[in-house]
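Encoded as structure tokens, the structure appears first; notes follow it.
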Amino acid sequence: MKNKILLISLILFICFCLVVLFKGLNNSNVYIPDTTNKIVKEFKSRSLFSDNEISSEKILVNSDYYILNIWASWCGPCRKEHPKLMELSKNSSVKLIGINYRDNFKNAKNFIKKFGNPYSFIFVDTNGIISIELGAYGVPETIIVNKDKKIIKKFVGSLDDKSLKEINSILK
Amino acid sequence: MLANQIGYYSLILGLISSIIIIPISLKNYHQNNETIDRKIFSLSFFQFFFVLISFIGLVFSFINSDFGNETVYNNSHTTKPLFYKISGTWGNHEGSLLLWLLVLTFFIFLFLVKSKSQPKKYRILTLLFQQIIIIGFFIFVLKTSNPFNYLFPVPKEGLGLNPILQDPALAIHPPILYLGFVGSSIIFSSSLAAVVQQYISKSWAHHIKIWILISWFFLTIGILLGSIWAYYELGWGGFWFWDPVENVSLMPWLSLTALLHCILVLEKKTILTSWTIILSIATFILSVSGTFLVRSGILNSVHTFANDPERGLFILFFLFFLIFLSLLIFFMFHKNGNYEAVKINFLSKETSILINNWFMMYFLSVVLIGTLYPIFLEVLTNEKISVGPPFYHKLILPFLVPFLIFMTVVPYLKWIKSEFIKVRIEIILLFTLSFIVSFLLFKQFGFESLVVSILIPFTFYLFLITIKDLLSKNKKNFSQKISHFGFSFLVLSILLNSIFSSEIIINLKEGERFNFEGGAIIFNSLEENNGKNYKSIIGNFEISNDKNQSIKLMPELRIYNQPSIVTSEADIKTTLFYDKFLVMNSVKNNEYFNVRYQVKSFMIWIWISTLILAVGGLFSLTKRLYEK
Numbered sequence: 001m002k003n004k005i006l007l008i009s010l011i012l013f014i015c016f017c018l019v020v021l022f023k024g025l026n027n028s029n030v031y032i033p034d035t036t037n038k039i040v041k042e043f044k045s046r047s048l049f050s051d052n053e054i055s056s057e058k059i060l061v062n063s064d065y066y067i068l069n070i071w072a073s074w075c076g077p078c079r080k081e082h083p084k085l086m087e088l089s090k091n092s093s094v095k096l097i098g099i100n101y102r103d104n105f106k107n108a109k110n111f112i113k114k115f116g117n118p119y120s121f122i123f124v125d126t127n128g129i130i131s132i133e134l135g136a137y138g139v140p141e142t143i144i145v146n147k148d149k150k151i152i153k154k155f156v157g158s159l160d161d162k163s164l165k166e167i168n169s170i171l172k
Numbered sequence: 001m002l003a004n005q006i007g008y009y010s011l012i013l014g015l016i017s018s019i020i021i022i023p024i025s026l027k028n029y030h031q032n033n034e035t036i037d038r039k040i041f042s043l044s045f046f047q048f049f050f051v052l053i054s055f056i057g058l059v060f061s062f063i064n065s066d067f068g069n070e071t072v073y074n075n076s077h078t079t080k081p082l083f084y085k086i087s088g089t090w091g092n093h094e095g096s097l098l099l100w101l102l103v104l105t106f107f108i109f110l111f112l113v114k115s116k117s118q119p120k121k122y123r124i125l126t127l128l129f130q131q132i133i134i135i136g137f138f139i140f141v142l143k144t145s146n147p148f149n150y151l152f153p154v155p156k157e158g159l160g161l162n163p164i165l166q167d168p169a170l171a172i173h174p175p176i177l178y179l180g181f182v183g184s185s186i187i188f189s190s191s192l193a194a195v196v197q198q199y200i201s202k203s204w205a206h207h208i209k210i211w212i213l214i215s216w217f218f219l220t221i222g223i224l225l226g227s228i229w230a231y232y233e234l235g236w237g238g239f240w241f242w243d244p245v246e247n248v249s250l251m252p253w254l255s256l257t258a259l260l261h262c263i264l265v266l267e268k269k270t271i272l273t274s275w276t277i278i279l280s281i282a283t284f285i286l287s288v289s290g291t292f293l294v295r296s297g298i299l300n301s302v303h304t305f306a307n308d309p310e311r312g313l314f315i316l317f318f319l320f321f322l323i324f325l326s327l328l329i330f331f332m333f334h335k336n337g338n339y340e341a342v343k344i345n346f347l348s349k350e351t352s353i354l355i356n357n358w359f360m361m362y363f364l365s366v367v368l369i370g371t372l373y374p375i376f377l378e379v380l381t382n383e384k385i386s387v388g389p390p391f392y393h394k395l396i397l398p399f400l401v402p403f404l405i406f407m408t409v410v411p412y413l414k415w416i417k418s419e420f421i422k423v424r425i426e427i428i429l430l431f432t433l434s435f436i437v438s439f440l441l442f443k444q445f446g447f448e449s450l451v452v453s454i455l456i457p458f459t460f461y462l463f464l465i466t467i468k469d470l471l472s473k474n475k476k477n478f479s480q481k482i483s484h485f486g487f488s489f490l491v492l493s494i495l496l497n498s499i500f501s502s503e504i505i506i507n508l509k510e511g512e513r514f515n516f517e518g519g520a521i522i523f524n525s526l527e528e529n530n531g532k533n534y535k536s537i538i539g540n541f542e543i544s545n546d547k548n549q550s551i552k553l554m555p556e557l558r559i560y561n562q563p564s565i566v567t568s569e570a571d572i573k574t575t576l577f578y579d580k581f582l583v584m585n586s587v588k589n590n591e592y593f594n595v596r597y598q599v600k601s602f603m604i605w606i607w608i609s610t611l612i613l614a615v616g617g618l619f620s621l622t623k624r625l626y627e628k
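First to last, the sequence lines map onto chains A and B.
Residue 1 is where the first sequence starts when you use this note's numbering, and the numbers rise one by one after that.
Residue 1 is where the second sequence starts when you use this note's numbering, and the numbers rise one by one after that.
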């Protein structure tokens with residue numbers, strides 16, 4: 001009898017630990033800089049497909065919302081989220097801008113050729129400085145900016161159906 | 001390319017052989033003969049062999065800088081020295097898990113070969129439990145952490161190994177630590193098998209003790225290497241920071257140390273059976289929990305970047321599966337009534353080992369709570385806290401006093417029953433001596449904390465007693481005497497280190513001088529140098545004292561090209577009694593430098609005493625193997 005009570009309370013305790021650790025796993029403990037409400041500063045870089053340098057001020061125009069997506073051909077999760085980006089690019093109220101993070105040009109071009117190009121423009125960020133300025137934590141990362149160039153939301157890691165829904169509700 | 005393919009398919013073949021072992025073993029288990037089927041041996045060998053080939057495949061991919069392999073791409077670079085290309089194999093998540101698997105399969109094969117004198121059913125059950133763990137890890141590696149993921153188009157250059165991991169101590173630290181962790185899996189499976197077979201006995205204890213000693217030895221050395229690395233490379237100027245990742249390796253060590261003492265009793269008499277089983281289970285569960293905490297990214301750590309939540313989830317469920325499995329087996333099969341009832345006398349070695357266990361359990365709980373509490377608190381209340389050294393010091397130091405006193409008495413107790421110890425003159429002499437020494441120290445320096453003032457004389461006393469034992473003519477339990485001496489020496493060194501260390505932090509420009517009480521720091525000049533995959537800035541410092549003696553210290557800043565990370569290499573002058581430790585960091589455009597100068601007393605003795613502690617275990621192990 002005593003043994004049974006012990007066993008049951010042990011099992012309950014262990015289940016409690018399991019639930020707590022399971023929940024803990026979902027709230028990520030990593031520090032991600034909070035950049036919400038910050039204004040995207042002007043940056044200059046060349047495009048992936050041409051050699052001339054261009055300012056972000058010239059690209060971030062004529063739309064209510066902009067989505068900056070930091071990606072690289074070497075990054076596995078980027079590959080996973082690519083179809084979601086293709087889906088997003090069908091939405092005409094938003095301009096999708098790619099930032100190609102620390103990549104090899106040839107690889108990046110191959111990537112776009114193979115999986116399709118969802119972006120209306122791709123900046124090259126060879127040394128990663130633009131991404132750092134944007135407060136990026138890792139690749140991939142997606143930043144939603146409104147027409148005043150204010151950051152309203154960001155998604156760290158690859159986009160999934162849930163984040164896509166969220167984005168669509170913002171864009172409405 | 002080819003190495004990559006071979007590695008991947010070899011891993012799958014390994015999984016297939018480990019699955020085939022199960023039905024064959026079950027069939028063999030029910031046969032009425034006393035020998036294990038040859039097929040089981042060969043399959044177990046093949047399982048190990050395939051994982052070995054797979055591991056070698058990964059090593060080759062690293063050596064050839066095959067960036068088509070995602071793991072190599074993420075963790076290597078063509079300009080990296082060969083040694084670190086190789087050590088890069090296990091310096092990352094995927095490769096380190098493959099190493100786990102390699103050691104797992106190697107150990108079970110070794111176990112099968114080396115346990116011929118044991119009952120057949122017990123051996124097969126151990127194998128079966130071990131196979132559950134092995135298959136779990138196979139699936140984990142293949143499903144969530146495949147080291148052979150292919151990248152196309154193939155990148156020209158890799159991202160490089162984190163430079164702080166490019167260090168000889170850290171290159172061998174993981175494999176050695178893993179030998180310890182994985183060794184505990186054999187203890188786990190074997191104790192479960194022994195419970196099912198009602199085989200928890202003297203002969204079982206005698207046979208499993210070797211595995212306990214092996215795991216304990218490697219775990220001790222592994223922790224030591226990690227600690228040395230943190231001291232030299234991280235530049236924090238200490239040897240233990242109560243960092244969650246460090247704690248995670250200390251917890252199985254504490255539980256394994258308690259188990260090591262329990263098994264000594266069990267070897268003589270069939271008592272403390274429940275303790276032994278629970279500790280055997282706990283050690284391995286704690287090792288896997290450690291893997292979970294470090295690998296899932298639930299803890300704050302350097303490597304939480306781009307973490308796959310699937311990984312954490314898998315280990316979490318696997319961990320709780322193992323916990324439930326062992327609980328179930330323990331409660332179903334383990335009946336205390338099965339073993340002869342032996343009365344334990346109050347004044348005996350058995351009691352003292354029981355007390356030792358409770359101490360170990362207390363230390364273990366403190367570390368466990370300190371490590372897990374922040375996670376639980378965040379989930380339950382959304383509040384973020386971090387538990388630092390003061391928590392551990394406050395809870396552990398006071399209990400160290402009775403523990404040390406207890407340790408001075410115990411080795412004089414006999415098994416079963418002892419008379420009250422005759423108080424001998426030499427003991428009184430040593431006791432007085434240690435009090436006088438501590439009093440002199442106290443008068444000279446004055447310690448801040450009361451607990452430390454009490455701790456010092458008893459540490460000295462234990463130290464003297466263990467030396468006396470070590471030098472005595474009676475060579476019985478010699479390995480135990482070595483280890484206990486190592487332990488008392490370690491505690492003494494840590495205490496003296498914490499009392500006598502001093503630190504100066506200042507900002508200096510090239511050519512400047514800073515005077516402090518009893519000496520000066522002079523920043524003479526700056527030099528630039530080129531290493532193989534980094535550029536370095538070296539500061540020429542001179543530390544002089546009032547007697548006009550001076551030493552030169554040359555700390556370094558290394559700027560690695562891939563990935564571009566700056567590390568600071570401390571320069572350390574080690575002498576018998578203290579380390580002079582100097583580290584610099586650039587503050588403004590390489591004009592001003594933040595200089596941290598520390599005098600660390602008895603640092604080298606902390607490493608040496610831990611080594612002595614481990615050598616005691618090794619000594620016992622070699623004696624054991626020799627006896628066979």
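Where a beta carbon is used, it is the ideal one built from N, C-alpha and C, also for glycine.
Below-9 Å beta-carbon distance, residue i vs any chain B residue
| i | result |
| --- | --- |
| W71 (chain A) | no |
| N84 (chain A) | It is worth fixing the name first, because residue 84 (chain A) is Lys in this sequence and not Asn. By this cut-off, K84 (chain A) is not an interface position. |
| N37 (chain A) | no |
| I14 (chain A) | yes |
| K106 (chain A) | yes |
| G24 (chain A) | yes |
| I11 (chain A) | yes |
| V20 (chain A) | yes |
| G135 (chain A) | no |
| F155 (chain A) | no |
| F111 (chain A) | yes |
Outcome for residue i when other beta-carbon atoms lying within 10 angstroms are tallied against a minimum of 16
| i | result |
| --- | --- |
| I212 (chain B) | buried |
| V61 (chain A) | exposed |
| H630 (chain B) | Past the edges of chain B, shown from 1 to 628, lies residue 630 (chain B), and the structure says nothing about it. |
| I132 (chain A) | exposed |
| D546 (chain B) | exposed |
Proximity winner among the options, relative to residue i (alpha-carbon distances)
| i | options | result |
| --- | --- | --- |
| P703 (chain B) | A:V139, A:V94, A:G24 | The question about residue 703 (chain B) has no answer, for chain B in this structure spans 1 to 628. |
| L12 (chain A) | B:I16, B:I323, B:Q5, B:S44 | B:I323 |
| N4 (chain B) | B:H77, B:L151, B:I19, B:F109 | B:L151 |
| E57 (chain A) | A:N69, A:I97, A:K84 | A:I97 |
| N149 (chain B) | A:F115, A:V94, A:W74 | A:W74 |
| I559 (chain B) | B:L177, B:E528, B:L15, B:F137 | B:E528 |
| I16 (chain B) | B:Q47, B:T35, B:L26, B:K476 | B:Q47 |
Beta-bridge partners of residue i, as assigned by DSSP
| i | result |
| --- | --- |
| M407 (chain B) | M407 (chain B) is not bridged to any residue. |
| D579 (chain B) | B:T574, B:K600 |
| L553 (chain B) | B:F541 |
| R513 (chain B) | B:I522 |
| R558 (chain B) | B:S536, B:T567 |
| S502 (chain B) | B:V599 |
| Y101 (chain A) | A:D125 |
Closer than 9 Å to chain A by CB, residue i
| i | result |
| --- | --- |
| I19 (chain B) | no |
| K535 (chain B) | no |
| V379 (chain B) | yes |
| G95 (chain B) | no |
| G531 (chain B) | no |
| K156 (chain B) | yes |
| I210 (chain B) | no |
| I159 (chain B) | Here residue 159 (chain B) turns out to be Leu, not Ile, going by the sequence shown. Yes, L159 (chain B) counts as interfacial toward chain A. |
| Y8 (chain B) | no |
### Query
Quick one: complete beta strand (DSSP E) runs, 3+ long, within the segment 117-146 of chain A?
121-125, 141-146
### Query
Unbroken alpha helix (DSSP H) runs of length 4 or more, entirely within the segment 25-94 of chain A: which are they?
56-59, 76-88
### Task
Give, in chain order, every residue of the segment 319-331 of chain B whose Cβ lies closer than 7 Å to some Cβ of chain D.
The structure shown contains no chain D; its protein chains are A and B.
### Ranges of the beta strand (DSSP E) found wholly within the segment 239-301 of chain B, counting only runs of at least 3
none
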